[in-house]
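Report on one structure; see the data block that follows.
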Amino acid sequence: MTNHMVDLKNTDVALIMGSNMAENHPIGMKWLGEGRRVRGTKIIHVDPRYTRTSVVADLYCPMRSGTDIAFLGGMVNYIIQNKLYHEEYVKAYTNATFLVADGFEFEDGLFSGYDTAKRSYNNSTWDYQYEEDGTTIKKDPTMSHPRCAFQLMAKHYLRYDIDSVVKICGTPKNKYLEVLKLYTSTGAPNKVGNIMYAMGITQHTVGSQNVKSFANVQMLLGNMGRPGGGINALRGENNVQGATDMALLFDWFPGYISHPTNANKDLLTFIKGVTPGSGKVPAAKGATTMAEWRAAVAAGIPNCNFRINMSKWIVSTLKAWWGDAATEENQFAYHYMPKRDAAKNYSHMSMFEAMYKGELDGLFVMGSNPVVGGPNANKEQAALTKLKWLVSCDLWLNETAEFWTYRAWERPHGGSAHVETFAPKDIQTEVFFLPACAVYEKEGTAAQTGRWVQYRWKGADEVGKSKSDLWIIDQLAKKIKELYKDSPREEDKPITQLTWGYGHGEEPEPINVGYEVSGYFVADKKPIAGGFANLKDDGSTACGVWIYCGQMGLNPDGSWLYKPMKRDNKDNSKAGLGLYSNWGWCWPVNRRIIYNRCSIKPDGITPWEGDADRVLIHWDPAVVSDPTKPEVVGAWVGDDVCDCTKTAPPEKAVPFLMRPEGYGCFFAAGASFKDGPFPEHYEPWESPVKNLMNSQPVNPATKIWEPDKLGASADYPYIGTTYRVVEHWQTGALTRTLPWLAELMPNMFVEISEELGAIKDIRNGDKVIVSTSRGDIEAVACVTKRIKPFIVNGEQYHMVGAIWQYGFKGYATGDPANRLTPHVGDANTMIPEYKAWLCNIRRA
Amino acid sequence: MARLKTNLYDSSKCTACRGCFSACKDSNQLPAVFDHSYFGGPGNGTYDSKDGDTDANTYMMIRFNETEDPVDGVRWNFLKWQCMHCMDPECAKVCPKSAYTKLDWGATFHDEDKCIGCQYCVYACPFGIPKYRKRTDTITKCTLCYERVAEGLTPACARTCPTGAIKFGNRDELLEEARARVKYLRANGFPRATIYGETELGSGTNKLYILTDTPDKFGLPVKPQVEGNTIFWQNWVQPYAGWLIPLALGGSAISFVTSRLVANKNGGHAEGGHE
Amino acid sequence: MQWIPEYKDDVPRVERFNTLARFTHWSHTVTFLLCLFTGLALFLDGADWLAAIFGGYRGAGLVHRIAAVVLTVTILTAMAVGFKGVIAWIKDLFRFGMNDIGFLMVFPLEFLGFKVKIPPQTRFNGGEKMNSVVTPTMVFLLMISGWIIWWPSIWWPGLVRFSYWVHDLAMIFGTLMVCMHGYLGSFHPGSGESFWGMWKGTVRADWAQHHHAIWYDETYGDKSKAE
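Encoded structure:
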């Protein structure tokens, strides 16, 4: 979330798209209700189904699964054609005025630089036009130049007229118009709209571009960086935000820095690779030592912006990991760090594909349940049989821990020919089970969807011999270090020299982890209370994750102040914006709403017309922010922590610090996306209709693992999608074992429209078989008015909605719906396309 | 009489997360009962559990009512369903054991220790709320968490509601709030929004509802009333007809005396009567 | 003071009720009274003492149900076994005539002990006929409504609500008749031998001739011999 949960109350119009917020984020929903109460917030819900969220929405608009870009592209077109954009905002805070390189082209669904054989783009033409110095981007302040980003975007989306969009999306035209009118009303300077999304947006082959479409809409309407605005990803698990911050994903180094690959032979190559613009500065490009690099940075790197500090963050992290062993002489132990193979992908699907081929020996599954939650679960379950060992760490023996049992291989009607099943005697995988504590039985922080890091104290004692995951990891590390402690070998040094000390006894202390994550000065071990501005790349600072730097502060008496533990529930904002800056801590630097430079006019002093209450920061030309530097006069002050250089005057304070160019990007230049600078509509991998926008059937940059498993619409005529219910959580390992929750939703069910029920002679409560080219499941049919067929290009298409949270363990049981979903995903993130595939349904 | 305290349920805020359902079970320590055979009520295609009605182990639940009409399209109306705590509770009237009492702050309290499981209340209740629990041979129903309220807490359902759809407080204040809310809803897309429970059954119920549509769209009786059979039974048969028995006994006693007095003149039993 | 007339076996006696009829009558008496008293514990307010006799409400409920089962079973069995007798009984009820009306008209006086002239009666006099119609009707109503109340969940709720007052009202009228019947059949001086007719099966011939002239004549008198 760019904003946070409490901030939802500040919005004028909330667009919930691809999320069943009421169902999956019931607590967050409360703040939209508060918004309705205090400022009459209007809620729009766009979703293939009428859900519990639609009930509380003012406007519900159906849309065929997988057509978000068409829907939002139409909105972009509507905004531009009707001049509904927030012009001053767009000109000042985005790259709309930037001129795009002449080589950039778009033709029939393909951007320039496409390599058909590799199914990937060469993005060299996705760039700006530069002045003679080669670094200053050419701009057209009037936004009329045909090569400016704004005009290119206008041209790109001209094809997305209302009639074409409703033809693709199967949305009733009147509803679409209502959505357009209501949401684009937030283009007025005194109105702010908020977009909330979840897996309905991301779990597509075009998931990242779906989100990019949001960005386009929000920037056009001037809704980014303002209270009540933003693009807000509703996290499905309470600490998903924290997990990605800590680089749980394979391609990240802590703090959203690209993880080094085997191409990054040394530290400097790595740093140069992640410091944008460094390639164009000879001093930086040619630096061979850290000292030379530091000099180049001091001299400045254009089009790098805040990422110029990359080396400081990387070195500090390495210093946190290897302590005294990390010195400038040994490149701060950079070589100790494992690198990934640049040619390989280690995402969930790739990992299971590799496992299926027998390339993996062991798997450590922690808080995950791929037999229920993984796409193409039949294949993933079969892949587990190829392992030598499997460690499952969960509260209960879940479906993954028991994937080898007879029950795990039961399939409807004994299975079908194309689905592999095994008998327990044929499975050689050795399974270990580590009983884990539930969330209330352990201490530590969790970063919620609004980036708030909050400490949680233990609420109950652990059951039996279950242990917290921190304890498990800590013990694992200690045992490994113990095994290697006498090893003299060079290659064992990453283990022997790894810093590891989070408590004195057997129990690790979460606060010590927090201290290392936050960072400290190597010399005196004092926390870096001032935040990441104090990080250095000379080895004098250590910091686990730079964006968390400063979460450990200092009390006046010198003792640690762990800010996530703060519990001051007084709203510090004068206008009642609900910032609650002294409740917990929020990364980065306790900035509650990021890009907040945009909450005020470019001059930094005048509020947006009619919106004085929603100003987060403003420029005070008279204040001296740092008493030690009285010569620096003028600073950004306000309720929130400014998201720009604190002392940079308004004309220099760029609003999007982490973008190399410093501005919001309609045209996503360079390597931002693997599948194009502008979102373009492609059908899901399995779709019953052909693409009406271009001749590309599917996102051209997406990796397709199993071309033979592409279901034909003749065999599988119905659109399938998966989703959750409020009564169960994720794979249901927890909730299906809790009687009170299992009782509420005891059975696996699929939802179909009354029209499809009539066609297939399926009545409510009937047992049905849903099948795809990957497998089939049995479920109870829920024939409902809430699902309606879509009229796409004049023809009727039906949808089958399946709850994916069931498995064979616990009280509430049923077939996992993911036995149906394909092994295909987004081109950028590799998130599987759970939300749109083809299936057939019949009575069991 | 103490100030009335009640629950206000606002259907326009409810998201049917069913936190109240679980909180109720937790607070009252009610077991989960599994019936894998059901999914919703037959033919209604909803998420209703327990066929949409409370039972011996479920004091309250959220009901799901799907409606569709050409103007509003599909609507999914949620309703929190439990004892209405009527101001003039019929259950208390029919209970032969006075197991029901109306607490001064408004709860219709059912004392399980007094209950003998006769189930009269089950069929007297205009909402069909009290349910017979076989394992204890008693009736069960929502208690309005009287123990919690006695301790100054709010009922479990209101305590847990994340969206503010369930509120606990003084009835007069909540009624004011409900009136304002209904006014707002009527002006904002729900022209038929209404309050339920204020005057229903004449004296009202001690559970208030803000409904976004007419009560029938929520599966509530539009005009709840006590069944004629029950009224006849309670108002006529029970208080008056019973007097026939003492009348018969008294008559017999008079006859016993008078006939013997008279018979002594006219010859008694020994003669076998009318000799 | 004398409660009931003396039993005399030194006078001619004629049979009035056979064994089956008597067994059914008395078993019905016991089960009905058990049901009545256990039921009254619920019907009357503050009748805890009544329930206490049966070990509390649970005990009373149990006794009520057991008695109800016995009552139902014996009545239905007796009706099946003594089908002929039942038919004869019903036939006699249909012989309701002027003599019965006459009986009922003068009955209040007799009830109080006055000597009255009563028209000749069949096997059952007008009052007994009334009892024979009302009591079994009420018992059948009690039985049917009782069984509905026992398993309310399998019936339509409206029927259960209906059954509640039917059960009550039938109990009241049934009890009313039972009270009168019990008194008149035993303790009323005018009823004389009728108690022994149901207890021992036989009544004094002279009493029978006097009280149920038509029946006596048809069964034991001239008319029976004439046949």
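Residue numbers (my numbering), protein chains in the order written: chain A, 1 to 844; chain B, 845 to 1119; chain C, 1120 to 1346. Idealized CB from N, CA, C, for every residue including glycine.
- Under 8 Å between the Cβ atoms of Thr772(A) and Gly720(A)? The count along the first sequence starts at 1 and reaches residue 772(A) at position 772. The count along the first sequence starts at 1 and reaches residue 720(A) at position 720. Their beta carbons are under 8 Å apart, which means Thr772(A) touches Gly720(A) by this criterion.
| CA-to-CA distance, Pro189(A) to Thr911(B), given in whole angstroms | As a first step, residue 911(B) is located in the second sequence; it is residue number 67 there, counting from the start. As a first step, residue 189(A) is located in the first sequence; it is residue number 189 there, counting from the start. Between Thr911(B) and Pro189(A), the C-alpha separation is close to 39 Å.
What's the call for Val623(A), buried or exposed, on a 16-neighbour Cβ count within 10 Å?
-> Numbered from 1 along the first sequence, position 623 holds the residue referred to as residue 623(A). Classification for Val623(A): exposed.
What number of angstroms, rounded off, separates the C-alpha of Ala263(A) from the C-alpha of Asp492(A)? The sequence position of residue 263(A) within the first sequence is 263, counting from 1. The sequence position of residue 492(A) within the first sequence is 492, counting from 1. Straight-line measurement puts the Cα of Asp492(A) at about 22 Å from the Cα of Ala263(A).
Residues in the stretch 17-47 of chain A with C-beta within 7 Å of chain B's C-beta atoms, listed in sequence order? Residues of the stretch 17-47 of chain A that bring their beta carbon within less than 7 Å of a beta carbon in chain B comprise Ala22, Pro26, Ile27, Met29, Lys30, Gly33, in sequence order.
field: Three-state secondary structure assigned by DSSP to Gln873(B)
entry: As a position in the second sequence, residue 873(B) is number 29, starting the count at 1. Reduced to three states, the DSSP call for Gln873(B) is coil.
*Status (buried if at least 16 other CB within 10 Å, exposed otherwise) for Thr136(A)*: As a working note, residue 136(A) is residue 136 in the first sequence. With fewer than 16 other Cβ atoms within 10 Å, it is exposed.
Exposed or buried, Leu384(A), counting other C-beta atoms within 10 Å across all chains shown (16 or more means buried)?
Counted from its first residue, the first sequence places residue 384(A) at position 384. It counts as buried.
**Q.** Expected contact under 8 Å - CB spacing of Asp613(A) and Val637(A) to nearest Å
**A.** For this step, residue 613(A) is matched to residue 613 along the first sequence. For this step, residue 637(A) is matched to residue 637 along the first sequence. That pair is no contact at about 17 Å.
When the distance is taken between beta carbons, is Asp766(A) closer than 8 Å to Ala781(A)? Indexing the first sequence from 1 puts residue 781(A) at position 781. Indexing the first sequence from 1 puts residue 766(A) at position 766. A contact, by the Cβ cut-off of 8 Å.
Worksheet entry | Chain-ordered neighbours of Ile983(B) on chain C, where CB pairs are closer than 7 Å | The residue labelled residue 983(B) in the question sits at position 139 within the second sequence. Within chain C, no residue comes near Ile983(B); the closest Cβ sits about 12 Å away, beyond 7 Å.
Notebook entry, point to check: Who does Lys767(A) pair with in a DSSP beta bridge?
Noted result: Residue numbering aside, residue 767(A) sits at position 767 when the first sequence is read from its first letter. Note: Lys767(A) sits in a beta bridge opposite Val780(A).
Review point. Under a CB-based cut-off of 8 Å, is Val750(A) close to chain B?
Key: Counted from its first residue, the first sequence places residue 750(A) at position 750. The Cβ of Val750(A) sits no closer than 8 Å to any Cβ of chain B.
Where the beta strand (DSSP E) containing Ala635(A) begins and where it ends: If you number the first sequence from 1, residue 635(A) lands on position 635. Annotation: the continuous beta strand (DSSP E) that includes Ala635(A) extends over 635-638.
Checklist entry - Using CA coordinates, which residue listed in Met1249(C), Val1297(C), Ser1313(C), Ser1305(C) is at the minimum distance from Phe1151(C)? => result One-based indexing of the third sequence puts residue 1151(C) at position 32. Minimum Cα distance to Phe1151(C) is reached at Val1297(C).
Cβ shell of Leu1079(B) (< 6 Å), same chain only, five flanking positions each side left out:
Indexing the second sequence from 1 puts residue 1079(B) at position 235. In the sequence as presented, Leu is not what sits at residue 1079(B); that position holds Asn. Only residues of its own chain outside the window of five on either side were considered, and among them none has a CB closer than 6 Å to the CB of Asn1079(B).
> Can you list, in chain order, the residues of the stretch 899-910 of chain B whose Cβ is nearer than 8 Å to any Cβ on chain C?
Replying inline: With the criterion set as a beta carbon lying under 8 Å from some beta carbon of chain C, the stretch 899-910 of chain B has no members that meet it.
**Request:** Taking only beta carbons into account, state which residues of the stretch 996-1020 of chain B come closer than 7 Å to chain A, listed in chain order.
**Result:** For the stretch 996-1020 of chain B, which is checked against every Cβ of chain A, the residues closer than 7 Å are Pro1006, Thr1007, Gly1008.
_Just to make sure I have the definition right: I need the residues of chain C whose C-beta is within less than 8 Å of the C-beta of Leu1105(B). Which are they?_
In the second sequence, the residue the question calls residue 1105(B) occupies position 261. Under the 8 Å cutoff, chain C gives Gly1232.
Give me the DSSP bridge partner(s) of Gln454(A). Here the question's residue 454(A) lines up with position 454 in the first sequence. Note: Gln454(A) sits in a beta bridge opposite Ala446(A).
According to DSSP, is Val1133(C) helix, strand or coil? By 1-based counting over the third sequence, the position of residue 1133(C) is 14. Reduced to three states, the DSSP call for Val1133(C) is strand.
Exercise. CB-CB under 8 Å to Asn582(A), same chain, minus the five flanking residues each way: which ones, in chain order?
Worked result: For the purposes of this step, residue 582(A) is taken as residue 582 along the first sequence, with counting starting at 1. Lys566, Asp568, Lys570, Asn572.
Q) Taking C-alpha atoms, which residue in Ala900(B), Met905(B), Asn901(B) lies nearest to Asp892(B)? A) Locating residue 892(B) in the second sequence gives position 48, counting from the first residue. Closest in C-alpha terms to Asp892(B), from the list Ala900(B), Met905(B), Asn901(B), comes Met905(B).
Starting from Leu838(A) and walking both ways along the beta strand (DSSP E), at which residues does that stretch end?
Working through the first sequence from its first residue, we reach residue 838(A) at position 838. Boundaries of the beta strand (DSSP E) around Leu838(A): 837-843.
If you reduce the DSSP assignment to three classes, tell me which class Asp1121(B) lands in.
The displayed coordinates of chain B run from 845 to 1119. Any statement about residue 1121(B) would go beyond what the structure contains.
query = Expressed to the nearest angstrom, what Euclidean distance is found between the alpha-carbon atoms of Gly200(A) and Asn818(A)?
reply = On the first sequence, residue 200(A) is found 200 positions in, with the first residue counted as 1. On the first sequence, residue 818(A) is found 818 positions in, with the first residue counted as 1. One C-alpha to the other measures close to 15 Å.
- Item | Proximal residues, the stretch 46-79 of chain A versus chain B, C-beta separation under 7 Å | If the cut-off is 7 Å between Cβ atoms, the stretch 46-79 of chain A has Tyr50, Arg52, Val55, Val56, Asp58 near chain B.
Jot down the residue ranges of each uninterrupted beta strand (DSSP E) in the stretch 541-614 of chain A, minimum 3 residues, whole runs only, in chain order. The qualifying runs are 552-554, 560-562.
**Message:** Just verifying my parser: in three-state terms, what is the DSSP assignment at Met905(B)?
**Reply:** Your numbering for residue 905(B) matches position 61 in the second sequence. Of the three classes helix, strand and coil, the one that applies to Met905(B) here is strand, per DSSP.
Any contact between the stretch 495-510 of chain A and the stretch 268-276 of chain A? By contact I mean 3 or more CB pairs, one from each, below 8 Å.
Put simply, the stretch 495-510 of chain A does not touch the stretch 268-276 of chain A. Fewer than three CB pairs are less than 8 Å apart.
For this session: Determine the burial state of Val915(B): buried for a count of at least 16 other Cβ atoms within 10 Å of its Cβ, exposed for fewer.
Result: Taking the first residue of the second sequence as position 1, residue 915(B) is located at position 71. Around the C-beta of Val915(B), fewer than 16 other C-beta atoms lie within 10 Å, and the residue is accordingly described as exposed.
### Task
May I ask you to list, following chain order, the residues of the stretch 916-939 of chain B that have a beta carbon less than 9 Å from some beta carbon of chain A?
If the cut-off is 9 Å between Cβ atoms, the stretch 916-939 of chain B has Gly917, Val918, Arg919, Trp920, Asn921, Phe922 near chain A.
| query | Which residues mark the beginning and the end of the alpha helix (DSSP H) in which Leu744(A) is found? | reply | Locating residue 744(A) in the first sequence gives position 744, counting from the first residue. Counting along the chain, the alpha helix (DSSP H) containing Leu744(A) begins and ends at 739-744.
Is the beta carbon of Ala1085(B) closer than 8 Å to that of Thr1056(B)?
The residue given as residue 1056(B) occupies position 212 in the second sequence. The residue given as residue 1085(B) occupies position 241 in the second sequence. With respect to Ala1085(B), Thr1056(B) sits apart: the two C-beta atoms are not nearer than 8 Å.
Check the Cβ-Cβ distances between Pro746(A) and every residue of chain B, and say whether any is below 8 Å.
Working through the first sequence from its first residue, we reach residue 746(A) at position 746. Taking Cβ atoms only, chain B reaches closer than 8 Å to Pro746(A), which makes this a yes.
Alpha-carbon to alpha-carbon, Val750(A) and Tyr718(A) = For the purposes of this step, residue 718(A) is identified with residue 718 of the first sequence, where counting begins at 1. For the purposes of this step, residue 750(A) is identified with residue 750 of the first sequence, where counting begins at 1. In a straight line, the C-alpha of Tyr718(A) is about 13 Å away from that of Val750(A).
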